[in-house]
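Working notes for the structure below.
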Amino acid sequence: MLGLQRLLISVVAAIAAVGALSLLPIGEILIHPLEARFPPGRLAPGQPIDGIIALGGDDARISAAAELARLYPDARVVVTGEDPGKSRDIMLGHGVSTARLTMEPYASNTFENATFSAALLQPRPSQQWVLVTSQSHMPRAVGCFRKAGFTVLAWPVSRPASADRWTDRIALHEWAGLLFYRLLGRIDASFPGPNVVAGS
5 MLGLQRLLIS VVAAIAAVGA LSLLPIGEIL IHPLEARFPP GRLAPGQPID GIIALGGDDA
65 RISAAAELAR LYPDARVVVT GEDPGKSRDI MLGHGVSTAR LTMEPYASNT FENATFSAAL
125 LQPRPSQQWV LVTSQSHMPR AVGCFRKAGF TVLAWPVSRP ASADRWTDRI ALHEWAGLLF
185 YRLLGRIDAS FPGPNVVAGS
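Note that the working numbering has the sequence shown beginning at 5, numbered continuously upward.
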């Protein structure tokens, strides 16, 4: 009888725990530190910018980079990664001239975005590159680009409301990506941030 009571209590406790967890916004809890790591993009008036790098695969990123290109007409504009044709069309639609636009169409992940861009652009320490990607992706992207030799200024793009139902998956993907990339030496810090020293 005592064994049956313990089993019943355990089952009720497990059901209560699962119920409580299903009510908690786990995705939001996991994604918040990623999205808060870099504040919204701000550049000082007249701040010298050598180039703008947008990570492809998201129209909002490309549009944000195109708006930056309008504000910094002398900056080189680079789009790396997924769907280069669509990204190019968005850029041209925003008035970015083909003369300043470089497409890097071969990268299939963040590490390749950084290493292929570095091979293409040969960045110098004195150059300032604005990096445009999603808020939750920014820590890993910044870590990769710094490791590849870029001096980057983060320009995070907000998560669209349509992605809210995938928040838990996005967050888990990014946390796993940070751990995996750190173990492989692909990022410059465990949790790259605006003022994180390489190697920490």
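All residues carry an ideal CB built from backbone N, CA and C; glycine is no exception.
Starting from the C-beta of residue i, find all residues in its chain whose C-beta is less than 7 Å away, skip the five residues before and the five after it, and write them out in chain order.
i	result
Phe149	Ala118, Leu135, Val156
Pro44	Pro160
Ile30	Asp172
Using the C-alpha atoms, what's the distance from residue j back to residue i?
i	j	result
Ser14	Gly197	43 Å
Asp192	Thr102	33 Å
Arg128	Arg80	14 Å
His98	Arg104	13 Å
Gly50	Pro77	12 Å
Arg74	Ala122	24 Å
Glu116	Leu28	36 Å
Gly147	Phe154	10 Å
Lys151	Ala175	22 Å
Asp93	Ala69	13 Å
Asn199	Met142	14 Å
Glu32	Arg169	10 Å
Gln9	Pro37	42 Å
Val100	Gly189	35 Å
Around the Cβ of residue i, are there at least 16 other Cβ atoms within 10 angstroms (buried) or fewer (exposed)?
i	result
Trp159	buried
Gln126	exposed
Asp62	buried
Glu178	buried
Leu72	buried
Leu96	exposed
Ile56	buried
Ser91	buried
Arg46	exposed
Ile35	buried
Arg163	buried
Gly41	It is Arg, not Gly, that sits at residue 41 in the sequence shown. With 16 or more other Cβ atoms within 10 Å, it is buried.
Who are the Cβ neighbours of residue i in its own chain at under 8 Å, not counting the five residues just before and after it?
i	result
Arg144	Thr114, Glu178, Gly181, Leu182, Tyr185, Ile191, Pro196
Arg65	Ala58, Leu59, Val136, Thr137, Ser138, Val161
Phe120	Thr84, Glu108, Tyr110, Ala111
Leu52	The sequence given here has Pro at residue 52, not Leu. So the qualifying residues of the chain are Gln132.
With DSSP as the reference, identify every bridge partner of residue i, one or two as the case may be.
i	result
Met107	Val83
Pro160	Thr137
Ile56	Val81, Val134
Give me, in chain order, the residues of the same chain whose beta-carbon lies closer than 6 Å to that of residue i; leave out the 5 immediate sequence neighbours on both sides.
i	result
Glu279	Outside the displayed range of the chain (5 to 204) lies residue 279, so it cannot be described from this structure.
Glu86	Gly60, Gly61
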